[in-house]
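**Q** Residue numbers (this note's numbering): -17 to 167.
#1: Could you spell out the range, first to last residue, of the alpha helix (DSSP H) harbouring residue 49?
#2: Could you tell me how far apart the beta carbons of residue 32 and residue 11 are, in whole angstroms, since I believe they sit closer than 8 Å?
#3: Taking buried to mean at least 16 other C-beta atoms within 10 Å of its own C-beta, is residue 3 buried or exposed?
#4: Using 10 angstroms around the beta-carbon of residue 17, count the other beta-carbons present and answer buried if the total reaches 16, otherwise exposed.
#5: Tell me the rounded alpha-carbon separation between residue 135 and residue 44.
#6: Taking the alpha helix (DSSP H) that residue 40 falls in, what are its first and last residues?
#7: Compare the Cα-Cα distances from residue 50 to each of 118, -11, 30, 60 and report the closest residue.
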């Protein structure tokens, strides 16, 4: 793809043109996934990070400077996402006793606090149920049934790339809906 064609595609993707966003993602998916895979050595983690990278790319397209290579810009976002992943993972290992403390604290919660938590869960489920059926199915398969992207693609008769894009969009829509609904802790 030539630079002019790429810049036109980026402009259309900035204006929320879904076909252009999908084409942009598909054009760079293999580059980003391969880059991430070399760093994390786990296909599922690489998939998750790559989906996250493209979510960030689409959210920050207006920050892209056309004087620089687009691929380099995306791979920089990927590199930072990998660094964040390793930081969280190392923090998770350091804080493994904190998880036990959280588990113990579950038993110290009052019945009212536990009830509020259940109400939050019901509200989240009702928000998910209000989503478009495509997004609802994707969220159900990915996060409740914990199916792989490949399994979801086969079940919904989609390409793997299209499935990844739908997961990313569903997560974004759900995130925005959850932000508009307040949850008390």
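Glycine is no exception: its CB is placed at the ideal position from the N, C-alpha and C atoms. Note that this is a predicted model, so its numbers are computed, not measured.
**A** Based on what the coordinates show:
#1: Per DSSP, residue 49 lies in no alpha helix (DSSP H) and is assigned neither H nor E.
#2: Confirmed, Cβ separation roughly 7 Å.
#3: The residue is buried, with at least 16 neighbouring Cβ atoms inside 10 Å.
#4: Counting Cβ neighbours within 10 Å, residue 17 comes out buried, since at least 16 surround it.
#5: Straight-line Cα distance between these residues: approximately 31 Å.
#6: That run of the alpha helix (DSSP H) goes 25 to 41.
#7: Nearest C-alpha to residue 50 among 118, -11, 30, 60: -11.
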